[in-house]
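Below you'll find the structure, written out as structure tokens, and then a few comments.
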Amino acid sequence: MTQMTFGAAINDAMHVAMAADPKVLAFGLGICDPKAIFGTTAGLKEAFGKERVFDMPVSENALTGMAVGAAIGGYKPVMVHQRLDFSLVSMDQIVNSAAKWFYMFGGRTPISMVIRMIVGRGWGQGPTHSQALHAWFAHVPGLKVVLPSSPDDAKGLLLESIFDPNPVIFLEHRWLHNTLGEVPEGDHRVPLGKAATVMEGADVTLVGTSLMTAEARQAGRVLAAHGISCEVIDLRTVRPIDWAQIEASVAKTGRLVALDIAQPTASVAAEIVAGVTERCFSRLKAAPVRICLPDHAVPTSQALTAGFYPSAVDIVNAVAAMMAAKVPTDELVDDRPRDVPGDWFRGPF
Amino acid sequence: MTQMTFGAAINDAMHVAMAADPKVLAFGLGICDPKAIFGTTAGLKEAFGKERVFDMPVSENALTGMAVGAAIGGYKPVMVHQRLDFSLVSMDQIVNSAAKWFYMFGGRTPISMVIRMIVGRGWGQGPTHSQALHAWFAHVPGLKVVLPSSPDDAKGLLLESIFDPNPVIFLEHRWLHNTLGEVPEGDHRVPLGKAATVMEGADVTLVGTSLMTAEARQAGRVLAAHGISCEVIDLRTVRPIDWAQIEASVAKTGRLVALDIAQPTASVAAEIVAGVTERCFSRLKAAPVRICLPDHAVPTSQALTAGFYPSAVDIVNAVAAMMAAKVPTDELVDDRPRDVPGDWFRGPF
Amino acid sequence: MIYIRAVEEAIAERYAEQEMRCPMHLSIGQEAPAAAAGLCLRDTDYAVSTHRGHAHYLARGGDLKAMIAELYGKVTGCARGRGGSMHLVDSSVGFMGTTAIVGNSIPVGLGLAKAIQLDGSDAVACVFVGDAAVETGSFYETANFAATARLPLLFVCENNLYSVYTPMAPRQPAGRSIHEMAAAIGLRTWHGDGNDAEECMDVIGEAVSSIRSGGGPCLVELTTYRWREHCGPNYDNDLGYRTVQEFESWRDRDPIAVLERRLGDDTMTRTQLAAYRAWVAERVAEAFAAAKDAPFPPPGEAYTDEYADHLGQTR
Amino acid sequence: MIYIRAVEEAIAERYAEQEMRCPMHLSIGQEAPAAAAGLCLRDTDYAVSTHRGHAHYLARGGDLKAMIAELYGKVTGCARGRGGSMHLVDSSVGFMGTTAIVGNSIPVGLGLAKAIQLDGSDAVACVFVGDAAVETGSFYETANFAATARLPLLFVCENNLYSVYTPMAPRQPAGRSIHEMAAAIGLRTWHGDGNDAEECMDVIGEAVSSIRSGGGPCLVELTTYRWREHCGPNYDNDLGYRTVQEFESWRDRDPIAVLERRLGDDTMTRTQLAAYRAWVAERVAEAFAAAKDAPFPPPGEAYTDEYADHLGQTR
Ligand SMILES: Cc1ncc(C[n+]2csc(CCOP(=O)(O)OP(=O)(O)O)c2C)c(N)n1
Ligand SMILES: Cc1ncc(C[n+]2csc(CCOP(=O)(O)OP(=O)(O)O)c2C)c(N)n1
Ligand SMILES: [Mg+2]
Ligand SMILES: [Mg+2]
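The listed protein sequences derive, respectively, from chains A, B, C and D.
Just so you know, we're using our numbering here: the first sequence kicks off at 49 and counts up by one.
Just so you know, we're using our numbering here: the second sequence kicks off at 49 and counts up by one.
Just so you know, we're using our numbering here: the third sequence kicks off at 10 and counts up by one.
Just so you know, we're using our numbering here: the fourth sequence kicks off at 10 and counts up by one.
Here is the structure:
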């Protein structure tokens, strides 16, 4: 185990994968530049050469298709977008090629590839640099969709994704890149399709991913101090969804709060509420609740984003309302600016 | 009132709109060819000229952006895709430009445009010619998303969409094009954002759109004959969703079946189940149910699609199970091939 | 060409039986580029194609029975019935797939070229495209990157003058040729008469050798003409989007007839051709019979194979 | 140029105060193409631009106070704080917007050109692009359609040699020039020294007249250089992606200095320039003061304007 950041864990996973298998490739805009995708691709070109690690033109559609073709040719490409939003130009290749190839050609040609997409937030990222479209990908049969929430998972899930014989969309929240955690050394794997119960509890099940898992843990600690016991489930993958684990938890608690880093309509949080209701209706003691972004595009001004993103405070309030309890949230309120992930961030990107 | 097909009603709406307002434009691949998008654009070029009605290269991304720019310049473009699937190359323009422009530039520049997308089914349309991605569009703030189910609505909703000052995604199911109905003459409008209660009932609320509304009506008739009274709500628009009407119905029936022409995960049906559960939890008498496509890509072979698409039979069975009743479905079973919309269809597209 | 023609005419004849239940884009009349490319490429090369892919699949040696079965939606189809006419694949001869979205398979070809470059072999990745596919951003981005990275990518562009029922005028600037533009993007280019199989062989052959010897990506534009409707088995000159004269002038230059005339009509050639035709007819009959006989996939196959498993597929 | 430079240097100076809380792409050192285009275009023309759009907005006469307020996230901003640095708009001068996805505003410009054609006016729609935007399928599809339909579209391509920190080599084929390729796609093209404002005026002026007189779409490529980091206020030559010599050779050809040298340094010119500089400094100071003073949008504005209403907006 080593203490490292989420970003370093991604970098570590890339090094481990590329060293283990010469078929693993890495490419993306800026992958070999001095900033190395927030450090996550640092050293790869030096270690594995410019044939396997390469920068590209602003041609994300063709290069996504190139990943599909390279996968057909036996390689395991890992493409990266500095913002998920840039992948919108490549939906044809993601949905019509990558997701369907194995199925539509009769189950003979696996497409082993990963597309890393970084989700932006704050510091004026604004409407087109902060979208989290995992709901779109979760809607598409054939894709696997991963959203790690800790450095350990970041490494373990990325390694598993790279060696999974299917196309995996891997969403990294920018605000997680600098979070710290213990990370196992070497070829550490975390299986896809398995959720993690990151806090056990009896009263309410909180189901989230990515940054919302951190918020849920914080909320869970505050609520515990006030006698409300939360079970926090980190989905890890939103396609496929680990229903068994969620069901078992809701069967126990009878209460659900679904958390999401995206807008609510037809979201993964909607899927969680719908799926739980269908499966556990008779066990539910209260109406399930979603906590998502407001159903609006994300504005730029810090004045407009200050209250835009849901946080532990909102979770505490929702759970308290559900339990008909009063729980103060003062200890959660800090006066740091709400549009940066931490003091280390000084802009501009 | 005139009796006409859904396709003719679309064509009628286009003629009415273009005659009423010289700013209305129409373009798309094949729009002026002899087949005229299944007849829906017939006569437009002759009536309104080649400047306003024009064919295009296979460049859907740029031409979608062109629609946005033309809208900024004061025009009301109506673009059309013979299959929704072709629009996947243009997601950047739909999501990053059309949907966000009005909001992100401070609420000053309305983007009045329509993108008609035809959803394929059957006759081997297969994995990339039959996707219904309204869940994607419903997830995106700034878009309006319309799925008409009758000739009357097709005309009224299309006219309303064309003159709505926002980007509207308008999904036409290919199997509806030849269905017949009474259609009002002239500038007939049906408001966006309002659902329609197409059958009143007391026991179960069926919420659907597009082709599923037809299936729901059929199922409703069979169930009625066996003493189960269904309220059938046709959503018409899936963004925004008319929650008031759904809520009122479920408050009355206490039971919900959500119907969709797409795969279930993070679908509009998921949204309906989640939204109803959140809003009407205490009124629900049974677990809500979704009836969607299987969570797989759509195969081509008629042997594989025969049981793939849910129909009135599945609705009857689901409702019967919910009511703990037995309802025979023999009268619904016909022996026509399940991969064509009717006898008029002889292939190939 | 004789082989491809025979297969597609057999399809056209039987389509009205409504047993091949999928959209069908025939190459009848425009077989020469496919046939030539088929001969210039090896099984160790890769190829991908489009909605109009029968000819390319067959020319590259794709299994005939598996193709016909696919059209019939049978489990013995090359995609086990999941794909239909627009999704043909036979990886045993390097034919890696055809797809149904215009421009979609182009970047896949780019990836195959990248794989070849990484493998370090002298293979070629061939992408068949129509004249309209060239209008996609996907074509341009692919050509640009292939030229930048000097990948072993070959475009064979069958310019049949139409995109569905739309001629060039609303789609591409008047007077601009595809191969000249492609050259300016950075490809080495050739062009030729797409109804002259020998000329097709010459230009594709040159392009292929250029690529094998490290010359970077190429494009060969071959002008030709589709005889039947865009999609379906019939003639469609009645629709009025093209003139009967235009059609007839191209039909008079039937690529098979052109080549046969050149072969001469001495007895030996005639006998050999007749024998070949007979052999082909038999293969075709066999393939249709086998397809009709073959079982449909069990309905449950619609719901398998969302994902590949770790063990690798061994079908 | 003096004006644009002064505004952007003021931004750079104040960025560290952490009050302009959004990504910021400065054009310092590469102002000439913007300034020239600004003069060649009229308020009845349209323009759109990219992430690096301050210079274009200002050159086209976009309201300075509204821009600075936008950077500060204030309700008086040109997008009421919803957009930030990458979303500048001032429709009163035909500047219809800048967007943050590379290639994204190009087709929007195409639509504005189509609107002009339909309007029947002699206006021009100008699209500012960088050298990397040219790599997008969006650029190509737009150029192809503009050439086909002969739309009044002008590309002003500021080739500053880099896409973020990536030079040309991994992005575009060696030895290919952007303007030559664009010509082959079907645009009328010019190229020039992007650090020579007079040359920029000449070539953009010619292109604009050509378009106004019905000559169809054009592209002008102007080679220039960004002095500061890709995004942010600092110099970044320490990063090592470009050499200090390269940077210095371009800085020595500062477009403002180049032009001033040509103006001569007689007293009259010097006095006029000094007066202009003083005037500009005052405007800039005013704009920053106003922006700092201005109120933030009320939080509720995050949740309005999902849709325009039927009455039309009258803000
Ligand atoms: C992205 C996309 N847009 C539209 C279509 C519909 N479509 C199918 S084939 C075709 C024309 C293709 O023309 P071309 O590339 O010249 O090939 P040809 O059919 O002439 O062989 C079109 C527009 C599609 N399949 N994909
Ligand atoms: C589709 C997309 N991909 C990547 C990015 C990230 N990005 C922002 S600016 C930029 C480089 C643009 O270079 P160029 O067009 O030359 O303009 P310059 O910044 O040099 O003015 C990139 C890659 C983006 N915004 N959009
Ligand atoms: Mg063609
Ligand atoms: Mg640049």
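For glycine and all other residues, C-beta sits at the position ideal for the given N, C-alpha and C.
Here the structure is a predicted model, which is why all the values come from computation and not from measurement.
Task: CB-CB length for Glu30 of chain B against Val321 of chain A, believed under 8 Å - done: Nothing can be reported for residue 30 of chain B: it is not among the residues displayed for chain B, which extend from 49 to 397.
Task: Closer than 6 Å: Ser172 of chain D CB and nearest ligand 2 heavy atom - done: yes
Task: Alpha-carbon spacing of Thr323 of chain D relative to Ala372 of chain B, whole angstroms - done: A caution first: Thr323 of chain D carries a pLDDT of 41, below 50, which makes its placement in the model unreliable, though a value can still be read off. Roughly 57 Å between the two C-alpha positions.
- [ ] Establish whether the CB of Ala366 of chain B and some CB of chain A are separated by less than 7 Å.
- [x] no
Open item on the list: Between Glu295 of chain A and chain B, is the shortest Cβ-Cβ distance under 7 Å, so that the two count as touching?
Closed with: no
Open item on the list: Closer than 6 Å to a non-hydrogen atom of ligand 6 - does that hold for the CB of His239 of chain D?
Closed with: You won't find ligand 6 in this model; what it holds is ligand 1, ligand 2, ligand 3 and ligand 4.
Task: Cutoff 8 Å; reference Glu22 of chain C; Cβ partners in own chain excluding five residues on either side - done: Pro242
Task: Sheet register partners of Asp202 of chain D (DSSP bridge) - done: D:Thr232
Open item on the list: On the CB-based measure, 16 or more other CB atoms within 10 Å of its CB, does Ala233 of chain A come out buried or exposed?
Closed with: In the sequence as presented, Ala is not what sits at residue 233 of chain A; that position holds Glu. The residue is exposed, with fewer than 16 neighbouring Cβ atoms inside 10 Å.
Task: Asn113 of chain D - containing beta strand (DSSP E), residue span - done: Note, Asn113 of chain D: premise wrong, no beta strand (DSSP E); not H, not E.
TODO: Taking only the alpha-carbon atoms, compute the straight-line gap between Leu271 of chain A and Ala354 of chain A and give it to the nearest angstrom.
DONE: 23 Å
Open item on the list: Helix, strand or coil, according to DSSP, for His63 of chain D in the structure here?
Closed with: helix
Task: Within-7 Å CB hit, Glu144 of chain C to chain B - done: yes
- [ ] Return helix, strand or coil for Ile194 of chain C, following the three-state DSSP convention.
- [x] helix
Open item on the list: So, under 8 Å CB-CB, Gly76 of chain A and Gly120 of chain C are touching, yes? Tell me the CB distance rounded to an integer number of Å.
Closed with: In fact, because the Cβ distance is near 15 Å, the residues do not count as touching under 8 Å.
Task: Within 7 Å, strictly: CB atoms of Leu207 of chain A and Ala65 of chain A - done: yes
Open item on the list: Using C-beta distances below 7 Å, list every residue in its chain close to Arg408 of chain C, excluding the 5 sequence neighbours before and after it, in chain order.
Closed with: As displayed, chain C neither begins before 10 nor continues past 324, which places residue 408 of chain C out of reach and without an answer.
Task: Nearest-angstrom beta carbon gap, Val126 of chain B and Ile210 of chain B [assumed within contact, 8 Å] - done: 6 Å
- [ ] Output the distance between the C-alpha atoms of Ser198 of chain A and Glu263 of chain A, rounded to the nearest integer angstrom.
- [x] 12 Å
TODO: Find the residues of chain D that neighbour Ser218 of chain C, judging by a C-beta separation of less than 9 Å, and give them in chain order.
DONE: Under the 9 Å cutoff, chain D gives no residues; its nearest Cβ is about 21 Å from Ser218 of chain C.
Task: Best match in A:Pro358, A:Arg164, A:Ala56, A:Ser178 for proximity to Arg338 of chain A [C-alpha to C-alpha] - done: A:Pro358
- [ ] My understanding is that Thr245 of chain A touches Gln293 of chain A, with C-beta atoms under 8 Å, so please give their C-beta distance in whole angstroms.
- [x] 7 Å
Open item on the list: Counting beta carbon pairs with one atom in the region 64-79 of chain C and one in the region 295-302 of chain C, are three or more of them shorter than 8 Å?
Closed with: yes
Task: Cβ neighbours of Glu238 of chain C in the same chain (closer than 6 Å, five flanking residues each side left out) - done: Asp245
- [ ] Given a cut-off of 7 Å, decide if Phe397 of chain B and Pro176 of chain C are closer than it, judged by their beta-carbon atoms.
- [x] no
Task: Cβ shell of Phe154 of chain C (< 7 Å), same chain only, five flanking positions each side left out - done: Leu119
Open item on the list: Could you check whether the Cβ of Ala141 of chain D sits closer than 6 Å to any heavy atom belonging to ligand 4?
Closed with: yes
Task: Span separating the alpha-carbon of Val329 of chain D from that of Asp140 of chain D - done: No answer is possible for residue 329 of chain D: it lies beyond the span of chain D, which begins at 10 and ends at 324.
Open item on the list: Alpha carbons only, please: which of C:Gly71, C:Tyr171, C:Tyr55 is nearest the one belonging to Ser114 of chain C?
Closed with: C:Tyr55
Task: For Arg131 of chain A and Ser218 of chain D, the rounded distance between their alpha carbons - done: 40 Å
Open item on the list: Could you check whether the Cβ of Leu67 of chain D sits closer than 6 Å to any heavy atom belonging to ligand 2?
Closed with: no
TODO: Just tell me which of A:Lys333, A:Met104, A:Asp343, A:Cys340 has its CA closest to the CA of Ser172 of chain D.
DONE: A:Met104
TODO: Closer than 8 Å by beta-carbon distance: list the chain B residues that pair up with Arg89 of chain D, in chain order.
DONE: Gly154, Gly155
Open item on the list: Let me see if you follow: with CB-CB separation under 7 Å, is Cys31 of chain C close to chain B or not?
Closed with: yes
- [ ] Below 8 Å on the Cβ atoms is my guess for Phe54 of chain A versus Ala202 of chain A; work out the distance and round it to an integer in Å.
- [x] 5 Å
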